[in-house]
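In what follows, a single structure is set out as C-alpha cells and then discussed.
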Amino acid sequence: MDPVNLFNLANKQADWLAARQKTVASNVANVNTPGYKAREVKDFAAILNNDTMAMAVTNSKHMDVTDNGMESHAIRPEETIETTHSGNNVNLEEEMRKGGEIGQQMSLNTVIVKAFHRMMMATVKGGS
Numbered sequence: 026m027d028p029v030n031l032f033n034l035a036n037k038q039a040d041w042l043a044a045r046q047k048t049v050a051s052n053v054a055n056v057n058t059p060g061y062k063a064r065e066v067k068d069f070a071a072i073l074n075n076d077t078m079a080m081a082v083t084n085s086k087h088m089d090v091t092d093n094g095m096e097s098h099a100i101r102p103e104e105t106i107e108t109t110h111s112g113n114n115v116n117l118e119e120e121m122r123k124g125g126e127i128g129q130q131m132s133l134n135t136v137i138v139k140a141f142h143r144m145m146m147a148t149v150k151g152g153s
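Numbering-wise, my numbering puts 69 at position 44 of the sequence shown, and it's gapless, one number per residue.
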C-alpha cells in the first residue's frame, strides 16, 4: 500500500475543482443557447481511481493540454429533468448551487493544506 501524500491529493482535488468550476461556468454561459446540453465532471472518487479520459491530439495543429492535468477529467452530459422548448437543459439554480459548493470545497481544501503545512513547519523547527 502506497503512503498517502496529502499535498498530492489536495493538488488533484484542486485541479478537479477547477475543471468542475470551468464546466459550471460553461453551463451558465450557455443557459440561453438553443440545443445546449448541460455538462458535469465525473465524481472525484472516479478521478482518484484513475478513471480519467485524456484528450487526444488528432491533428498536428492541436494543442496538447493534458500536461497540466486540468483538461483531462472526463466530462459527461448532466442528467437533468427539464428541457426547454429550445432544447436547452441548463438549470440555472442548480448551476449556482454547484458554484457555491465548489467554492466551499476549494476553501476547505486550502484550509487543510495550510494546517498540514503549519504542522510540517513546526516539526521541522522542533515543535516550538
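Just so you know, even glycine gets a beta-carbon here, dropped at the ideal spot from N, CA and C.
Exercise. Report, in whole angstroms, the separation of the C-beta atoms of residue 138 and residue 32, which I expect to be a contact under 8 Å.
Key: 7 Å between Cβ atoms; contact.
Practice problem: Return the chain-ordered list of same chain residues with a C-beta closer than 8 Å to the C-beta of residue 42, the five sequence neighbours on each side being excluded. | Solution: Annotation for residue 42: 127, 130, 131 and 134 place their beta carbon closer than 8 Å to its own, counting only its chain and skipping 5 residues before and after.
Quiz item: In chain order, what residues of the same chain lie with their CB nearer than 6 Å to the CB of residue 49, ignoring the 5 residues before and after it?
Solution: Cβ within range, chain order: 120, 123 and 124.
Quiz item: Considering only residues of the same chain and omitting the five flanking positions on each side of residue 117, which have a CB-CB separation below 6 Å?
Solution: Around residue 117: 56.
Quiz item: Thinking just about the alpha-carbon of each residue, which of 36, 109, 46 and 34 is nearest to the one in residue 64?
Solution: That would be 46, whose Cα lies nearest to the Cα of residue 64.
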